[in-house]
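Colleague: Just passing along the structure, written as structure tokens.
Protein chains in written order, with my numbering: chain E, 1 to 83; chain A, 84 to 515; chain Z, 516 to 891.
Okay, structure coming up:
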């Protein structure tokens, strides 16, 4: 089993970020100074419900779109994009 | 993944945990499935110092013989005795699907916040009260940030206290219910709920956080993200700069799975008898979906359901008196925190109601029903499947929603196909 | 109780009824439309919304081609919520046998004046990168398209009202015939002509009508712009639409303007309940995955069912009934209701007001089923 450090290194929109283990991707996106998604009429949006039902926190993780960041924990070398 | 249980519990919040613990005492095979990475639901979410009650129940769950399926999201109930679930979290190509079979089912699906639209409510950093709390427990730094807590319900106090203790500058709690109703609420409180609420108020007073009543946000302002909130009290209106707005108007039950299973709904809640049985055979329901009544009630109902489902009927019967006492809290909450009709006037014509499809309230006003509005404006046709805008339009227009169809939440197309049935022959022209 | 006099009363404000209302009102006919629920809320709401030319028979080709051209002429007037997208159709061939069918269709469509293009395996892969490789090729019909049916029905109805038509809703027709329509609120409408455009519900007004419900399933996804660029149909679709008795599925996906993908299609007779049938849903999805392996990874937001109105010979019923001159039909469009709504409306209005129709009405006339028609 790989050694677990107390922090995780990932990238948000290409910029590196280090967060404590157990941080959600939603929190990481906010810590990176970004917002999660852009609405269909072009408004910036961020998490609303924090529990996986509003879908406002969706981001692209490792190339996979529509991931609910409030329910996903940051992992090492994750590539998070907020298109 | 296929699993079979004598008793399957959906939801690992207080009600689900209590049900699992008590059911397992009978020796029956018990499973509990929940879409979050760890148990606790919303109110006992990890990442914060836990109340004694929570710690005790978590220890009992650890010690019990219960198979815990954390990180699985139930999306369909194709036939009696079978639930389909999909791995939640990062959806990889190999994301597996689970067929969960049961003899008895206990639904402990909890509740979610009600969001009401007002100008600026879609700005980043405007969140639910539970929403901001969840983000903070998920690692969002809040120390030194200015937070305005608004809306309605005891959750506001809990969240404000929590955030204040983590170092947030909570500029105030703005409860829409008038003081008179809250005072009378305080008088009707007893036992555990009373202690809880007094506790929150004390913690807030200690940090100098003001609680205002009869007030609500009328607009959120900012360029690209929240910068300030305008609140109104009577005829007075003033602007408060802040970094986060934690705003939710009480709770609505998560009824989707009960409805899919055909459980009878009365007055907006799942109808159950004294043993938490629903109108659908072998299906029980416990906690917020039967009435918004807080943690104590959810625990008791969970215990009763777990005992009843596992045949421990006498033990279940013994809890009925305690249960009745907690039921009072449902009515008390409803009356105290009833929503002011003036909240219906907050949206401007261009204020969005459906956030998934960006539908403004002006587009909705010409329609007579949820279904008409959905078809012609696309309100409710986004991935949240009407969970956010449905609760809002129920309050704004009195609309009730369609019946429920699978998937209960968006799921991968591959998961819909009976959890990954064998690939069909691409050259075959088989009619069924 | 209220009584009124009309030139034409149309039962049903689905896309066919709405199109008929617009055409009749524009020609100065005093037109009333009766709708029991919401505009375009029945089969119209459940459909994929394709505008497609099909050559199952010369009569089907004539009506679909005529209608496709009418839609194209409307394109600039349609508002954004109709989501009209002239994306074209690709009839996909999986093997050499189907490729022969592609070539046959190419010449058959050419004879009807419908431009098409044959794509070989490489050209198809380039046109639609998410289709599995290799496929044999495809027939591109560039003038086909898709739209959002409830939006289209609502627009047609709005235009009809501007042109003078009157909409009575929510009202149900209790009886219709011999120039008289009775509604559930007791009102009586006297009409020179009554048009039954009630779709799958048409037999309720006229028991014995040779229309059967043909259930279908559809899935819609979250937004994946560019994943699918054309409407995609397997050539086996024709076998599915042909089959009179069996349950069947066929690969048929289309893009929406929104970037969402609609995945279909299925056909069942004698399935009256609107609940999702998991066996059929699975078969439909697996068929789609066989052509488009990556589609399994897309997020499905919603699954629903609907009932097409099917006649025994796969052609709609358009025109007067043999026993009652006042009672007309505009129904039985099966999976081509959206496409042929406009052509149907022209045929109805031409027959009512005199001009020779652009295509012969004969093949769709109800009297071809004489003996099995009666009215309430």
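We treat Cβ as the ideally placed atom computed from N, Cα and C, and that holds for glycine.
None of the values given here were measured: they were computed from a predicted structure.
Assuming residue 821 of chain Z contacts residue 561 of chain Z under a Cβ cut-off of 8 angstroms, what Cβ separation, rounded to an integer in Å, is found between them?
Modeller: Taking the third chain and counting its residues from 1, the one referred to as residue 821 of chain Z is at position 306. Taking the third chain and counting its residues from 1, the one referred to as residue 561 of chain Z is at position 46. Right, their Cβ atoms sit about 2 angstroms apart.
Colleague: Under 9 angstroms, Cβ to Cβ, is there at least one residue of chain A near residue 24 of chain E?
Modeller: The residue given as residue 24 of chain E occupies position 24 in the first chain. Closer than 9 angstroms: yes.
Colleague: State the Cα-Cα distance for the pair residue 124 of chain A and residue 427 of chain A, rounded to the nearest angstrom.
Modeller: Counted from its first residue, the second chain places residue 124 of chain A at position 41. Counted from its first residue, the second chain places residue 427 of chain A at position 344. Straight-line Cα distance between these residues: approximately 30 angstroms.
Colleague: Within its chain, find whatever has a CB closer than 6 angstroms to the CB of residue 522 of chain Z; leave out the 5 residues flanking it on each side and keep chain order.
Modeller: Here residue 522 of chain Z refers to the residue found at position 7 of the third chain. Only 544, 545 and 707 meet the Cβ criterion.
Colleague: Span of the alpha helix (DSSP H) holding residue 621 of chain Z?
Modeller: Here residue 621 of chain Z refers to the residue found at position 106 of the third chain. Run containing residue 621 of chain Z: 611 to 626, per the alpha helix (DSSP H) assignment.
Colleague: Compare the C-beta of residue 12 of chain E against all C-beta atoms of chain A and say whether one is closer than 9 angstroms.
Modeller: Counting from one through the first chain, the residue named residue 12 of chain E turns up at place 12. Not one chain A Cβ lies under 9 angstroms of residue 12 of chain E.
Colleague: To which residues of the same chain is residue 433 of chain A closer than 6 angstroms at the C-beta, ignoring the five residues directly before and after it?
Modeller: As a first step, residue 433 of chain A is located in the second chain; it is residue number 350 there, counting from the start. Excluding residues within five positions, the ones whose Cβ falls inside 6 angstroms are 443.
Colleague: Check each candidate in Z:699, Z:575 and Z:571 and name the one with the smallest Cα separation from residue 877 of chain Z.
Modeller: Numbered from its first residue, the third chain carries residue 877 of chain Z at position 362. For the residues Z:699, Z:575 and Z:571, the minimum Cα distance to residue 877 of chain Z belongs to Z:575.
Colleague: Taking the alpha carbon of residue 196 of chain A as the reference point, which residue from A:203, A:353, A:211 and A:356 has its own alpha carbon closest?
Modeller: Indexing the second chain from 1 puts residue 196 of chain A at position 113. Closest by alpha carbon: A:211.
Colleague: At the level of alpha carbons, what is the spacing between residue 875 of chain Z and residue 579 of chain Z?
Modeller: Translated into the one-based positions of the third chain, residue 875 of chain Z becomes position 360. Translated into the one-based positions of the third chain, residue 579 of chain Z becomes position 64. Those two C-alpha atoms are separated by around 13 angstroms.
Colleague: If I measure Cβ to Cβ from residue 85 of chain A and keep anything under 6 angstroms in the same chain, skipping five residues before and after, which residues do I get?
Modeller: The residue given as residue 85 of chain A occupies position 2 in the second chain. Excluding residues within five positions, the ones whose Cβ falls inside 6 angstroms are 182.
Colleague: Measure from the C-beta of residue 738 of chain Z to each C-beta in chain E and report whether the shortest distance is under 9 angstroms.
Modeller: Within the third chain, residue 738 of chain Z is the residue found at index 223, counting from 1. Yes, its Cβ sits closer than 9 angstroms to a Cβ of chain E.
Colleague: Would a C-beta distance cut-off of 9 angstroms place residue 476 of chain A and residue 596 of chain Z closer than the cut-off?
Modeller: By 1-based counting over the second chain, the position of residue 476 of chain A is 393. By 1-based counting over the third chain, the position of residue 596 of chain Z is 81. Contact flag unset, no.
Colleague: Going by C-alpha to C-alpha distance, which of A:166, A:94, A:342 and A:358 sits closest to residue 153 of chain A?
Modeller: What you label residue 153 of chain A is simply residue 70 of the second chain in a count that begins at 1. Residue 153 of chain A has its Cα closest to that of A:94, out of A:166, A:94, A:342 and A:358.
Colleague: Please report the distance separating the alpha-carbon of residue 198 of chain A from that of residue 628 of chain Z.
Modeller: As a first step, residue 198 of chain A must be located in the second chain, where it is residue number 115. As a first step, residue 628 of chain Z must be located in the third chain, where it is residue number 113. Cα to Cα, residue 198 of chain A sits roughly 55 angstroms from residue 628 of chain Z.
Colleague: Would you please verify whether the beta carbon of residue 206 of chain A is less than 9 angstroms from any beta carbon of chain Z?
Modeller: Position 123 of the second chain, counted from the start, is the residue given in the question as residue 206 of chain A. No, its Cβ sits nowhere closer than 9 angstroms to a Cβ of chain Z.
Colleague: Ends of the alpha helix (DSSP H) at residue 269 of chain A?
Modeller: Counted from its first residue, the second chain places residue 269 of chain A at position 186. Here the alpha helix (DSSP H) through residue 269 of chain A covers 262 to 271.
Colleague: What did DSSP end up calling residue 651 of chain Z once you bin it into helix, strand or coil?
Modeller: Numbered from 1 along the third chain, position 136 holds the residue referred to as residue 651 of chain Z. Three-state DSSP puts residue 651 of chain Z in coil, outside helix and strand.
Colleague: For chain Z, check one thing: does any of its Cβ atoms lie closer than 9 angstroms to the Cβ of residue 445 of chain A?
Modeller: Here residue 445 of chain A corresponds to residue number 362 of the second chain, with the count starting at 1. No, no contact with chain Z.
Colleague: Roughly how many whole angstroms lie between the Cα atoms of residue 239 of chain A and residue 299 of chain A?
Modeller: Within the second chain, the letter at position 156 stands for residue 239 of chain A. Within the second chain, the letter at position 216 stands for residue 299 of chain A. Between residue 239 of chain A and residue 299 of chain A, the C-alpha separation is close to 12 angstroms.
Colleague: Under 8 angstroms, with one C-beta from each stretch per pair, do the region 808 to 825 of chain Z and the region 550 to 560 of chain Z reach the 3-pair mark?
Modeller: With a cut-off of 8 angstroms, the region 550 to 560 of chain Z and the region 808 to 825 of chain Z count as touching, because enough Cβ pairs lie within range.
Colleague: Taking a contact to mean a Cβ-Cβ separation below 9 angstroms, would you say residue 213 of chain A touches residue 345 of chain A in this structure?
Modeller: For the purposes of this step, residue 213 of chain A is identified with residue 130 of the second chain, where counting begins at 1. For the purposes of this step, residue 345 of chain A is identified with residue 262 of the second chain, where counting begins at 1. Result no, Cβ atoms of residue 213 of chain A and residue 345 of chain A do not sit closer than 9 angstroms.
Colleague: Just checking: is the beta-carbon of residue 452 of chain A within a distance shorter than 9 angstroms of some beta-carbon in chain Z?
Modeller: As a first step, residue 452 of chain A must be located in the second chain, where it is residue number 369. Cβ-Cβ to chain Z under 9 angstroms: yes for residue 452 of chain A.
Colleague: Please list the terminal residues of the continuous beta strand (DSSP E) segment that includes residue 169 of chain A.
Modeller: Taking the second chain and counting its residues from 1, the one referred to as residue 169 of chain A is at position 86. Run containing residue 169 of chain A: 165 to 170, per the beta strand (DSSP E) assignment.
Colleague: Looking at residue 157 of chain A: is its Cβ nearer than 9 angstroms to the Cβ of residue 340 of chain A?
Modeller: Taking the second chain and counting its residues from 1, the one referred to as residue 157 of chain A is at position 74. Taking the second chain and counting its residues from 1, the one referred to as residue 340 of chain A is at position 257. Taking 9 angstroms as the Cβ cut-off, residue 157 of chain A and residue 340 of chain A qualify as a contacting pair.
Colleague: Can you confirm whether residue 9 of chain E, when its beta carbon is compared against all beta carbons of chain A, has any partner nearer than 9 angstroms?
Modeller: If you number the first chain from 1, residue 9 of chain E lands on position 9. Judged by the 9 angstroms Cβ criterion, residue 9 of chain E is not in contact with chain A.
Colleague: Checking contacts by CB at 9 angstroms: is residue 17 of chain E closer than that to chain A?
Modeller: Stepping through the first chain from its first residue, residue 17 of chain E is reached at position 17. Not closer than 9 angstroms to any Cβ of chain A, the Cβ of residue 17 of chain E fails to qualify, so no.
Colleague: Cutting at 8 angstroms between CB atoms, please list the residues of its own chain near residue 698 of chain Z, excluding the five before and the five after it.
Modeller: Here residue 698 of chain Z refers to the residue found at position 183 when the third chain is read from its first residue. The answer, listed in chain order, is 549, 683, 686, 687, 688, 689 and 704.
Colleague: Check the Cβ of residue 769 of chain Z against every Cβ in chain E and list those closer than 9 angstroms, keeping chain order.
Modeller: Counted from its first residue, the third chain places residue 769 of chain Z at position 254. In chain order: nothing, as chain E lies at least about 19 angstroms away.
Colleague: Helix, strand or coil: which one does DSSP assign to residue 576 of chain Z?
Modeller: As a working mapping, residue 576 of chain Z is identified with position 61 in the third chain. Residue 576 of chain Z falls in the helix class under three-state DSSP.
Colleague: Return the bridge partner residues of residue 356 of chain A from the DSSP annotation.
Modeller: Position 273 of the second chain holds residue 356 of chain A. Note: residue 356 of chain A sits in no beta bridge, so no partner.
Colleague: Assuming residue 636 of chain Z is part of the alpha helix (DSSP H), what are its boundary residues?
Modeller: The sequence position of residue 636 of chain Z within the third chain is 121, counting from 1. Residues 636 to 642.
Colleague: Would you mind sorting residue 62 of chain E into buried or exposed? The rule is 16 or more other CB atoms within 10 Å of its CB.
Modeller: Along the first chain, one-based indexing puts residue 62 of chain E at 62. Answer is exposed; the Cβ neighbour count stays below 16.
Colleague: For the region 663 to 676 of chain Z against the region 533 to 541 of chain Z, are there 3 or more C-beta pairs whose distance is under 8 angstroms?
Modeller: Verdict: yes, contact present.
Colleague: Which chain A residues are close to residue 20 of chain E, counting only those with a beta carbon under 7 angstroms from its beta carbon?
Modeller: In the first chain, residue 20 of chain E corresponds to position 20, counting from 1. By Cβ distance, chain A contributes 222.
Colleague: DSSP beta-bridge partners for residue 494 of chain A?
Modeller: Counted from its first residue, the second chain places residue 494 of chain A at position 411. Per DSSP, Z:815.
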